[in-house]
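**Student:** full-length UniProt numbering puts the first residue of the sequence shown at 1, with every later residue one more than the last. A virtual CB, placed ideally from N, CA and C, is assigned to each residue, including glycine. Nothing here was measured: the structure is a model prediction, and the numbers come from that model.
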Amino acid sequence: MKKRVVAVRRLHAEQLARLEREHHVDYFGELDQHTMPAFLEKMQKAHALIGGKLDVDEELLARAEYLEMIATISVGYDNFPVEALTRRGIAMCNTPDVLTETTADTGFALIMTACRRMAELDRWVREGKWQSHVVEAQFGFDVHGKTLGIIGLGRIGAAVARRGALGFNMPVLYSGSSPKPHVEEELGATHCSLEALLTQSDIVCVTVPLSSETHHLLGAQAFKMMKSSAVFINISRGAVVDEPALIHALETGEIRSAGLDVFEQEPLSLDSPLLNMPQIVLAPHIGSATHETRRSMVNLAIDNLLAGLAGQRPPNIVNP
Ligand code: DGY
Numbered sequence: 001m002k003k004r005v006v007a008v009r010r011l012h013a014e015q016l017a018r019l020e021r022e023h024h025v026d027y028f029g030e031l032d033q034h035t036m037p038a039f040l041e042k043m044q045k046a047h048a049l050i051g052g053k054l055d056v057d058e059e060l061l062a063r064a065e066y067l068e069m070i071a072t073i074s075v076g077y078d079n080f081p082v083e084a085l086t087r088r089g090i091a092m093c094n095t096p097d098v099l100t101e102t103t104a105d106t107g108f109a110l111i112m113t114a115c116r117r118m119a120e121l122d123r124w125v126r127e128g129k130w131q132s133h134v135v136e137a138q139f140g141f142d143v144h145g146k147t148l149g150i151i152g153l154g155r156i157g158a159a160v161a162r163r164g165a166l167g168f169n170m171p172v173l174y175s176g177s178s179p180k181p182h183v184e185e186e187l188g189a190t191h192c193s194l195e196a197l198l199t200q201s202d203i204v205c206v207t208v209p210l211s212s213e214t215h216h217l218l219g220a221q222a223f224k225m226m227k228s229s230a231v232f233i234n235i236s237r238g239a240v241v242d243e244p245a246l247i248h249a250l251e252t253g254e255i256r257s258a259g260l261d262v263f264e265q266e267p268l269s270l271d272s273p274l275l276n277m278p279q280i281v282l283a284p285h286i287g288s289a290t291h292e293t294r295r296s297m298v299n300l301a302i303d304n305l306l307a308g309l310a311g312q313r314p315p316n317i318v319n320p
């Protein structure tokens, strides 16, 4: 029997067609003040919701009395009330694995751009300031051979570590509750406390998922522990970092630079002091944003959705 699916953002025509062959689909290319009333109305009858950048709260759930499953087009699902979904018997699915390498590429791009001051010097060239040659004050810092600290060595953390260890000859430290012997064996990585990682790393990269345990994991104390030459990279979630503490650390020179793909508030507010720091690199949450990877993420979300609505266990269900 065909069920009712509400789809939001990111789906291509052939992906929508795949859904439509099996179910009735109401698609919203964007959710804004014009489309929101129709979206809320469709949710009252929906059996499944699929999409990217979804905001689901208890109020929406109270309206959606037929909802059986949500398939987010993201690996992170910190923006969903998973306990409430589980209580209501709603399956929650995400899209792991297919974005691992691309998100690690983003992390490494931020490392390279921040350390070699690429964004800053690109602006300098465009502004017509390249009159003779760069002076020492504009030199960057080596990446190869530096100590790379990964906070949270999950799939994405391990992929960043692999780039560092195998491509750039970097000793890798990692923190987290449990040692990962296979990564230690493959990359010569060393498990250590968060404190040891912060004090010893030249580049600190955060890849932990956001949860109540990791909220503001990195605050004033953490930045004080880092080397004054440290470069801080965040490809996880903005709220893992106490952003005012990071801003203070950058303003006062407690750390040298940063490469940030995620922020406590997104889009980044136009009055954020981060915008006035030429030495850091800012990206608009593009961890997984390549054509190939976003397509794979949508396909996986559809696999999850079709399996769930067919009464099978979806491949990537996150609640029991
Ligand atoms: C994810 O998949 O969680 C990325 O951050 C994109 O939203």
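Counting only runs of 4+ residues fully inside the region 279-318, write out the alpha helix (DSSP H) ranges in chain order.
**Tutor:** DSSP runs (the alpha helix (DSSP H)) wholly in the region 279-318: 291-309.
**Student:** The ligand DGY and Leu-99: does any heavy atom of the ligand fall closer than 8 Å to the residue's C-beta?
**Tutor:** Position 99 of the sequence shown, counting from 1, holds the residue named residue 99. Leu-99: yes, Cβ under 8 Å from the ligand DGY.
**Student:** Please look up how many angstroms separate the CB atoms of Thr-95 and Pro-320, rounded, as I've assumed it's under 8 Å.
**Tutor:** Stepping through the sequence shown from its first residue, residue 95 is reached at position 95. Stepping through the sequence shown from its first residue, residue 320 is reached at position 320. Between Pro-320 and Thr-95 the Cβ distance is about 19 Å, and since that is not below 8 Å, they are no contact.
**Student:** When you measure from the CB of His-285 to every non-hydrogen atom of the ligand ADP, does any distance come out below 8 Å?
**Tutor:** Absent from the structure shown: the ligand ADP. Ligands present: the ligand DGY.
**Student:** Please specify which runs of the alpha helix (DSSP H), each continuous and at least 4 residues long, are wholly inside the region 149-217, giving them in chain order.
**Tutor:** Listed in chain order, the complete alpha helix (DSSP H) runs (minimum 4 residues) inside the region 149-217 are 155-162, 181-187 and 194-200.
**Student:** Return the first residue and the last residue of the beta strand (DSSP E) that residue 372 is part of.
**Tutor:** Nothing can be reported for residue 372, as the shown portion of the chain is limited to 1 through 320.
**Student:** Of the choices Asn-276, Leu-110, Lys-227 and Thr-207, whose alpha-carbon is the least far from that of Arg-237?
**Tutor:** Taking the sequence shown and counting its residues from 1, the one referred to as residue 237 is at position 237. Looking at the Cα atoms, Thr-207 is the closest of the given residues.
**Student:** By Cβ distance below 6 Å, which residues in the same chain neighbour Ala-71 in space, the five residues on each side in sequence not counted?
**Tutor:** To locate residue 71, count along the sequence shown from 1; it is residue 71. Contacts found: Ile-50, Cys-93, Ala-301, Asn-304 and Leu-305.
**Student:** In whole angstroms, what is the alpha-carbon distance linking Arg-313 and Met-69?
**Tutor:** The residue you call residue 313 lines up with position 313 of the sequence shown. The residue you call residue 69 lines up with position 69 of the sequence shown. Between Arg-313 and Met-69, the C-alpha separation is close to 11 Å.
**Student:** Under the three-state reduction of DSSP, which class applies to Asp-142: helix, strand or coil?
**Tutor:** One-based indexing of the sequence shown puts residue 142 at position 142. Note: Asp-142 maps to coil in three-state DSSP.
**Student:** If we call anything under 9 Å between Cβ atoms a contact, is Arg-4 one with His-23?
**Tutor:** Along the sequence shown, one-based indexing puts residue 4 at 4. Along the sequence shown, one-based indexing puts residue 23 at 23. Contact flag set, yes.
**Student:** If contacts are defined as beta-carbon pairs under 8 Å, then Ile-150 and Ala-137 qualify, I think. What distance do you get, rounded to the angstrom?
**Tutor:** Here residue 150 refers to the residue found at position 150 of the sequence shown. Here residue 137 refers to the residue found at position 137 of the sequence shown. Not really, about 31 Å apart at Cβ, beyond 8 Å.
**Student:** Is residue 365 a contact residue of the ligand DGY, with contact defined as CB to any heavy atom under 8 Å?
**Tutor:** No answer is possible for residue 365: it lies beyond the span of the chain, which begins at 1 and ends at 320.
**Student:** What's the call for Gly-311, buried or exposed, on a 16-neighbour Cβ count within 10 Å?
**Tutor:** In the sequence shown, counting from the first residue as 1, residue 311 sits at position 311. Exposed, by the Cβ-count rule.
**Student:** Which residues mark the beginning and the end of the alpha helix (DSSP H) in which Ile-111 is found?
**Tutor:** Here the question's residue 111 lines up with position 111 in the sequence shown. 100-115 is the extent of the alpha helix (DSSP H) around Ile-111.
**Student:** Report the residue from Pro-267, Phe-232 and Leu-187 whose alpha carbon sits nearest the alpha carbon of Arg-256.
**Tutor:** Along the sequence shown, one-based indexing puts residue 256 at 256. Closest by alpha carbon: Phe-232.
**Student:** So the beta strand (DSSP E) Asp-26 belongs to, where does it begin and stop?
**Tutor:** The residue given as residue 26 occupies position 26 in the sequence shown. Taken as a continuous stretch (DSSP letters only), the beta strand (DSSP E) holding Asp-26 covers 24-28.
**Student:** Assuming contact is defined by CB atoms lying nearer than 9 Å, are Ala-249 and Val-281 in contact in what I supplied?
**Tutor:** The residue given as residue 249 occupies position 249 in the sequence shown. The residue given as residue 281 occupies position 281 in the sequence shown. No. Outside cutoff.
**Student:** Keeping to the same chain, check which residues put their C-beta closer than 8 Å to that of Arg-63; ignore five residues upstream and five downstream.
**Tutor:** By one-based count along the sequence shown, residue 63 stands at place 63. Counting only Cβ-Cβ distances below 8 Å, and skipping sequence neighbours, we find Leu-40, Met-43 and Gln-44.
**Student:** Contact check, Leu-148 vs Met-170 under 8 Å by CB: the rounded distance?
**Tutor:** If you number the sequence shown from 1, residue 148 lands on position 148. If you number the sequence shown from 1, residue 170 lands on position 170. Leu-148 to Met-170, Cβ: 4 Å. Contact.
**Student:** Where Glu-195 and Phe-223 are concerned, what is the direct C-alpha to C-alpha distance, given to the nearest angstrom?
**Tutor:** Mapped onto the sequence shown, residue 195 falls at position 195. Mapped onto the sequence shown, residue 223 falls at position 223. Computed Cα separation, rounded: 10 Å.
**Student:** Following a CB-centred definition, is Ser-74 positioned closer than 8 Å to any heavy atom of the ligand DGY?
**Tutor:** If you number the sequence shown from 1, residue 74 lands on position 74. The answer is yes for Ser-74.
**Student:** Would you tell me roughly how many angstroms separate the C-alpha atoms of Leu-218 and Thr-113, rounded to the nearest one?
**Tutor:** Within the sequence shown, residue 218 is the residue found at index 218, counting from 1. Within the sequence shown, residue 113 is the residue found at index 113, counting from 1. The alpha-carbon atoms of Leu-218 and Thr-113 are separated by roughly 22 Å.
**Student:** Using 10 angstroms around the beta-carbon of Ser-177, count the other beta-carbons present and answer buried if the total reaches 16, otherwise exposed.
**Tutor:** Start at 1 with the first residue of the sequence shown, and residue 177 comes out as number 177. With fewer than 16 Cβ atoms within 10 Å of its Cβ, Ser-177 is classed as exposed.
**Student:** May I have the straight-line CA-CA distance separating Val-298 from Pro-315, to the nearest angstrom?
**Tutor:** Indexing the sequence shown from 1 puts residue 298 at position 298. Indexing the sequence shown from 1 puts residue 315 at position 315. Approximately 14 Å between the Cα atoms of the pair.
**Student:** Which first and last residues belong to the beta strand (DSSP E) in which Arg-87 is found?
**Tutor:** In the sequence shown, counting from the first residue as 1, residue 87 sits at position 87. Premise fails: Arg-87 lies in the alpha helix (DSSP H), 82-87, not in any beta strand (DSSP E).
**Student:** Can we count Val-262 as close to the ligand DGY, meaning its CB is less than 8 Å from some heavy atom?
**Tutor:** Translated into positions along the sequence shown, residue 262 becomes position 262. Yes, the ligand DGY has a heavy atom inside 8 Å of this Cβ.
**Student:** Between Glu-184 and Val-172, what straight-line distance do the alpha-carbon atoms span, to the nearest angstrom?
**Tutor:** Taking the sequence shown and counting its residues from 1, one reaches residue 184 at position 184. Taking the sequence shown and counting its residues from 1, one reaches residue 172 at position 172. If I take the Cα positions, the gap works out to 9 Å.
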